[in-house]
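Below: one structure, written as structure tokens.
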Amino acid sequence: MLRIIIVKAILLFFSFHFIHCKSNCMKINCTLTQNIENEGFHRVIHWLIEIETYEKSLDECFLLLLQEIPSGAFVNPDQVSDLNRLGKISARIDGIIDVEKPMHHSESHYLYLYSNVNDSRIHFEIPIHLRYQRPQISGDYGKVEFDYPSLLFRCKNQIDICGKKIIAPISSSKNSTTVWRNVTYEPISEILDVIVPLGDLDHYPLVSVVTFFVTCCGCIYLLSVILSKPLPTK
Numbered sequence: 520m521l522r523i524i525i526v527k528a529i530l531l532f533f534s535f536h537f538i539h540c541k542s543n544c545m546k547i548n549c550t551l552t553q554n555i556e557n558e559g560f561h562r563v564i565h566w567l568i569e570i571e572t573y574e575k576s577l578d579e580c581f582l583l584l585l586q587e588i589p590s591g592a593f594v595n596p597d598q599v600s601d602l603n604r605l606g607k608i609s610a611r612i613d614g615i616i617d618v619e620k621p622m623h624h625s626e627s628h629y630l631y632l633y634s635n636v637n638d639s640r641i642h643f644e645i646p647i648h649l650r651y652q653r654p655q656i657s658g659d660y661g662k663v664e665f666d667y668p669s670l671l672f673r674c675k676n677q678i679d680i681c682g683k684k685i686i687a688p689i690s691s692s693k694n695s696t697t698v699w700r701n702v703t704y705e706p707i708s709e710i711l712d713v714i715v716p717l718g719d720l721d722h723y724p725l726v727s728v729v730t731f732f733v734t735c736c737g738c739i740y741l742l743s744v745i746l747s748k749p750l751p752t753k
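For the sequence shown, the numbering used here begins at 520 and goes up steadily by one.
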């Protein structure tokens, strides 16, 4: 009987300690608005994070927006490097990216966008490019869908943010990882999706003939120009 009482007392103590520690963490309430601008295969994605529970103590904290880029799109590593160098963004890419490959030969990759939490409104934007998809009979339109991103927080001070622990790179320039807190948020806009025109297989014979004809004409023109020039004399 005494043993049962001791076990219950220990369990009660740890339960109270867990609840007490959990209640000490700071809950961040925020919303996310996202949209895509421009038309065609070259777009720009915008994210706006609004922190409803913003406090000055969060000035020593950092925000990481983690977005999975589907196989039907890609972020150009050269553009990201230039934007980082110019100080317009702080970002890194995780994954293998070949900008020439179509969608069916590509895989998804991850985009990391970093920012200091020094305001209640944080805005990100990044150029995005769509990949060509398999042509279809009679042509059609394909769709590329971007899922909601994850919002991660970490702080230099003793603030403990409520949320699931996630291991992620510490910054855009350092490969070392650290613990972040995955914060839940309220999405204001719907999941992003874009429409991509597909090639028409019915046009394949015509395109092949025209391509062959143009190529032959170009070769004949180049040969005529080369042969029309006199040979250099010694």
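Note that the Cβ used here is the ideal one computed from N, Cα and C, for glycine as well.
Of the residues assessed, isoleucine 680 falls on the buried side of the cut-off, its CB having 16 or more other CB atoms within 10 angstroms. With a contact defined as Cβ atoms closer than 8 Å, asparagine 554 and histidine 565 qualify at about 5 Å.
The alpha-carbon separation between serine 639 and proline 596 amounts to approximately 29 Å. Cα atoms of leucine 746 and isoleucine 739: separation of roughly 10 Å, rounded to the nearest angstrom. Across the structure, isoleucine 568 and cysteine 580 are spaced so that their CA atoms are roughly 15 Å apart. Look at phenylalanine 560 here: in three-state DSSP terms it is coil, with no helix or strand label. Counting along the chain, the unbroken beta strand (DSSP E) around arginine 673 starts and ends at 669-674. In the structure shown, the three-state DSSP call for cysteine 544 is coil. In the DSSP annotation of this structure, serine 634 is not part of any alpha helix (DSSP H); the continuous beta strand (DSSP E) holding it starts and ends at 628-635.
Cβ atoms of valine 702 and isoleucine 547 come within 8 Å of each other, at about 5 Å. DSSP places asparagine 603 inside the alpha helix (DSSP H), whose first and last residues are 596-604.
Rounded to the nearest whole angstrom, the CA to CA distance from isoleucine 678 to isoleucine 608 is 26 Å. Rounded to whole angstroms, the gap between the alpha carbons of asparagine 637 and leucine 605 is 20 Å.
The shortest C-alpha to C-alpha distance from glycine 661 to any of Glu644, Asn635 and Tyr651 is the one to Tyr651. The C-alpha of lysine 620 is placed about 24 Å away from the C-alpha of glutamate 644. In this structure alanine 610 does not touch leucine 585 by the C-beta definition: roughly 11 Å separates them, more than the 8 Å allowed. Under the three-state reduction of DSSP, glutamate 579 is assigned to helix. The beta carbons of valine 713 and valine 663 sit about 5 Å from each other, so the pair counts as a contact at 8 Å.
Nearest in C-alpha terms to isoleucine 707, of all of Thr550, Met545, Asn543 and Thr697, is Thr550. Annotation: arginine 673 to aspartate 666 spans about 23 Å, alpha carbon to alpha carbon.
In this structure, serine 590 sits near glutamate 626, with a CB-CB distance shorter than 9 Å. In this chain, the beta strand (DSSP E) harbouring aspartate 613 covers 610-613. Residue pairing for glutamate 664: DSSP places it in a beta bridge opposite Asp712. Beta-bridge annotation (DSSP): cysteine 738 is not paired with any residue.
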